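Here you go:
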């Protein structure tokens, strides 16, 4: 006989629905008994395999220990060695005090761990410096030791020694005493190890290094490379033995299951492989979305982690937390991505796991889960359509990227399926496979805890199965052991992925660092995740909001049906309850995840769709024969849509290009669609209330007389749930489709993906055009006037002077929404306004030397002040109205290779932004003219495209395509009639931009920092590598648009967060490189910054340090001490 459970239909009341329950029927237990060897193997293999796996965290690894010594290469030149951990394990410095005499006049730094011209080097680093005849040792703004002039003179031949570890930092001159006879020694008994990005000195680079070394100069640094490790031979052996025993234990469990004597139960119905129209629709939408759909916020983050992991030797977080590994989460999914990047970095290729997961979830839903819920629901199309609608409603906004939620959603569903298979067949082998799938899901990310909820839902029945077979398996202690021990090995095999190349100590330190820096929110703040869902941001967008609310509505309806009827009408009671338990369990487990970002809701895609099918059945039953219920459920669905529509139609980063209402609610001429739909919902609900009174007066509505009529009516009554879901799905597809069409030929994610199919895989980078030398291309003034005099050739300007700019310019603050993914507002938690984020070299300032027109203004973009003039209307004294007419400049013949006329300007400038909204400011117009033989005639004047941010320096754009064909010259006409202190304008002459596509400037050989928000759009630019705790020094940084930069990437990657900017900003000086998005000139796509190591006072740049490596076997409990992470 088959072990398949039967359905028993009970209908105690004709007016109540049929309650369908599982009939628990024991198998005959007349199958072949397992042999003694199988029984022993099941127990022994399970226990020993389990012990092998739990031993992995403690087993030794081969760690690559790195270190640095200085001076190097027989030179006193500084060296760069940016440490991923910021601080070394230990630092030892010996500095001969005689070197004080070798310091040139005006220099102070003998030896330090940060460049002396970096931002506040003593706040984070170490400096041994000479100041006013004394020598100080300063570490993180703590004066560890100071030698006054007398003490210095008395110990000219002495050596100043510094020792710094996580326990203490001390400085001393061996054998020397102070005026009171006490040893010259200073000690700080706490962890103040300095931030280290190299070893720096102001001593002449060409000084006598041999003499300095002979005098005792020496720096030794043990670098924190604890995470660069690989398994030892013994660890490999234990892993392979454990895997082999786990497989043996699973085989023995499969063999033991045969004792029930049941015949095989088919997994699928006979028609399961037949393609249905709904299958084609779901597959079509998923495939179309794969090409034109929005990506997710962390795609660039995870993409970069995968790209760099091969060189680093482990899966580092890369952008934050000192490069700590992702363990205990990430593997094996992130490892799969690391393999995929070796084939191609194209977006359509890298996101294949998500597409496959979406298709697989639909197959599991439609072929395994809905049929498992009962024969009646399996025959109802409304259940399938409702499930499909909610699945797609989740998938489109949440799961079209590299984040692990799609894989976790699939793994959790498969876990439920395997547990239900075990319950259905009364066998344990499927449950053991379910445990393996659950652990794989959990290892992908904390949200994988939802798979544990699926296990817990079926646990009571699994225990019952063990008890049922107790006697048939010989009884005693052996019977339960042989059935349960294989689960131990199956459930712990995942530890190979977690601790394969890491140790218990390293993983615990990684967890500690994440918790110390944050974000790490306690469980009781889980409601904030739902609060962020209703804010006006991408994380609380219309589509994201709808999916979650639809799933919650389905949950509420299903729970109501279970409470009222003990089942969902038309569905099996027990599987329905286990499905609800899994959803509620997922909500419970999510409260313990340390971050509360809304993108975690993507894990609900599968389970939410399954609940939608159950909810559709409940609605169908309640609505049949009741016009009131039909109208009320329709009103509730419309209300759900109305509330969702009050979120913006926002999508992440470049995905929003060209999308309608990307920054506002869906509306027409200021009338919000959400309000209109809300009125419709209220009218519908009011109609339902009226029908309630009518029903009370007339009695119950007459139900359809035939089953077919009831089914048809039930389908129509339950369809609002599916209809509303598909309306949202179709709206999403049309929104991104419109973005693709309206952007063309400018870049959109759809265009980038389609181009990738032809081999052009550089995405947005192909459309970013860079001015490699902005000093080229300046237009020639008409009549032979010099460029330096061209801004005011006749001295007629009023209110404009060569130094008419403020000494410092700060870009206007940006509003940052609460809950925006990967934002860190720990430094300013009480305000949503965040300042900064302007491009490097654009914040103004003055130089000591005057430029070509006697201006001392610091020009942006590496413009040469000896060639390029500037005039501004700012005044520290009396502000007067300003007016300026520049020379006429010759216009060369227009060509597609020179699409932009550019003016570098600062201040507040009148323009219309990319959305056509008027922005107030001073007037700057480009006038195009033609010489008529006696004078210049203005043919046309153009307003600039200004992407901001004001009032800092930026490049105003005038597309050459808009210049009249007959125009032969251009001039700038500037007016400043607003005398408020913050209202001013500064300009330089116009130039015809010499543009080069980014891949030709920054190719794969050049190390860069692609900010985590943009990295997925720049796959042809190589992120800097790191190995054994030392990072490669990047040459460029690529950032997102200013709003996203200042709100997310600058803060998330900051020094205080253990981020990569802490290294790069200290090592390098930077300058913004003018860059424009092709065919989308008014778009703030981001910023390119060129980076160079900071030179010493002689203009000599540091060399990359030579790092020594040594392989050492370390115990699983070995730790070099805590990292320098400060508590958040």
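Residue numbers (UniProt numbering): 1 to 1128. All C-beta atoms in this analysis are idealised placements derived from N, C-alpha and C, irrespective of residue type, glycine included. These numbers were taken from a predicted model, which means no experiment stands behind them.
Could you tell me the boundaries of the alpha helix (DSSP H) in which residue 38 lies?
36-55
According to DSSP, residues forming a beta bridge with residue 890
969
Tell me, which residues are paired with residue 164 by DSSP?
91 and 169
Identify whether residue 373 lies in helix, strand or coil by the three-state DSSP scheme.
coil
Kindly indicate which three-state DSSP category residue 1039 falls into: helix, strand or coil?
strand
Rounded to whole angstroms, what is the Cα-Cα separation between residue 1063 and residue 1108?
20 angstroms
Of all the options 97, 144 and 371, which has the alpha carbon lying nearest to the alpha carbon of residue 153?
97
Quick one: measure Cβ to Cβ for residue 428 and residue 257, integer angstroms, because I've assumed they're closer than 8 angstroms.
6 angstroms
On the three-pair Cβ rule with 8 angstroms, is the segment 797-810 touching the segment 874-883?
yes
Cβ atoms of residue 1016 and residue 295: under 9 angstroms apart, would you say?
yes
With 16 other CB atoms within 10 Å as the buried threshold, where does residue 768 fall?
buried
Hey, would you say residue 1120 sits closer than 9 angstroms to residue 192, going by beta carbons?
no
Express the C-alpha separation of residue 58 and residue 49 in angstroms, rounding to a whole number.
15 angstroms
Among the candidates 1110, 1096, 1123 and 1114, whose CA atom is the shortest distance from the CA of residue 202?
1096
Going by the CB atoms, is the gap between residue 368 and residue 411 shorter than 9 angstroms?
no
Beta-carbon spacing of residue 505, residue 322 below 9 angstroms
no
Please go through the same chain and pick out, in chain order, the residues whose beta-carbon is closer than 6 angstroms to the beta-carbon of residue 711, but skip the five residues on each side of it.
Low confidence applies to residue 711: its pLDDT is 49, below 50, so where it sits in the model is not reliable enough to give any reading.
Pairwise C-alpha distance: residue 493 and residue 1116
18 angstroms
Consult DSSP for residue 33 and reduce its assignment to one of helix, strand or coil.
coil
May I have the straight-line CA-CA distance separating residue 262 from residue 697, to the nearest angstrom?
57 angstroms
Does the beta-carbon of residue 757 have 16 or more other beta-carbons within 10 angstroms, so that it is buried, or is it exposed?
exposed
What ranges does the beta strand (DSSP E) occupy inside the segment 973-1059, keeping only unbroken runs of at least 3 residues that lie completely in it?
985-987, 995-997, 1007-1010 and 1036-1039
Count the other CB atoms, across all protein chains shown, that sit within 10 Å of the CB of residue 1110; report buried if there are 16 or more and exposed otherwise.
exposed
Can you tell me the Cβ-Cβ gap for residue 348 and residue 775, rounded? I've got them flagged as a contact below 8 angstroms.
Not a contact, Cβ separation roughly 40 angstroms.
Using the C-alpha atoms, what's the distance from residue 731 back to residue 959?
34 angstroms
Rounded to whole angstroms, what's the CA-CA distance from residue 883 to residue 354? Just pull it up for me.
58 angstroms
Taking Cβ to Cβ, would you say residue 304 is nearer than 9 angstroms to residue 1012?
yes
Output yes or no for whether 9 angstroms exceeds the beta carbon distance between residue 972 and residue 880.
no
Buried or exposed (CB count within 10 angstroms, at least 16 for buried), residue 470
exposed
Have a look at residue 926 and residue 69 and give me their C-alpha separation to the nearest angstrom.
58 angstroms
Based on Cα-Cα distance, which residue from 967, 1027, 1037 and 975 lies nearest to residue 1001?
1037
If you drop the 5 nearest sequence neighbours on each side, which residues of the same chain put their C-beta closer than 7 angstroms to that of residue 729?
285, 389, 392, 393 and 396
Between the C-alpha atoms of residue 1020 and residue 356, what's the straight-line distance to the nearest angstrom?
25 angstroms
Inter-residue Cα distance where the pair is residue 222 and residue 456:
47 angstroms
Report the residue from 165, 128 and 168 whose alpha carbon sits nearest the alpha carbon of residue 159.
128
Between 409, 329 and 325, which has its C-alpha nearest residue 359's C-alpha?
409
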